[in-house]
Amino acid sequence: AQQIQGFFDIPVDHLYASPVFFDELKSKDVSNLTIFSPDVGGMKMANAYSEVLGCPLGFVAK
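In the working numbering, the protein residues as written are 127 to 188.
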């Protein structure tokens with residue numbers, strides 16, 4: 127995140143692990159997988175994950 131970059135005097139790259147997870151999950155049987163978001167703020171990302179993996183999307187209201 128940009129906030130963390132302020133703590134360093136050198137260039138910082140933000141690396142995402144999503145592509146690695148997607149590749150691994152796509153190689154598995156995801157027919158019984160549902161992507162859930164723990165809160166409203168995570169719905170955008172959860173929706174993107176569900177679309178990439180072709181899985182249903184769920185939501186838990188706290």
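Think of the CB as a built atom: it goes at the ideal place given N, C-alpha and C, for glycine as much as any other residue.
Residue i to residue j span [Cα, whole Å]
i: Gly-184; j: Met-169; result: 9 Å
i: Lys-154; j: Ala-143; result: 17 Å
i: Lys-188; j: Val-166; result: 10 Å
Check whether residue i and residue j have beta carbons under 7 Å apart
i: Val-156; j: Leu-179; result: yes
i: Gln-131; j: Val-138; result: yes
Start and end residues, beta strand (DSSP E) containing residue i
i: Leu-183; result: 183-185
Residue interval of the alpha helix (DSSP H) (run including residue i)
i: Ile-136; result: First-last for Ile-136: undefined, no H or E at that position.
i: Ser-144; result: 144-152
Same chain, Cβ closer than 6 Å to residue i, neighbours up to 5 away in sequence not counted
i: Tyr-175; result: Ile-161
i: Leu-159; result: Cys-181
8 Å contact criterion, which residue i and residue j should meet: CB distance rounded
i: Pro-164; j: Val-186; result: 6 Å
Proximal residues to residue i (C-beta, below 8 Å), its chain only, five neighbours per side dropped
i: Lys-152; result: Leu-179
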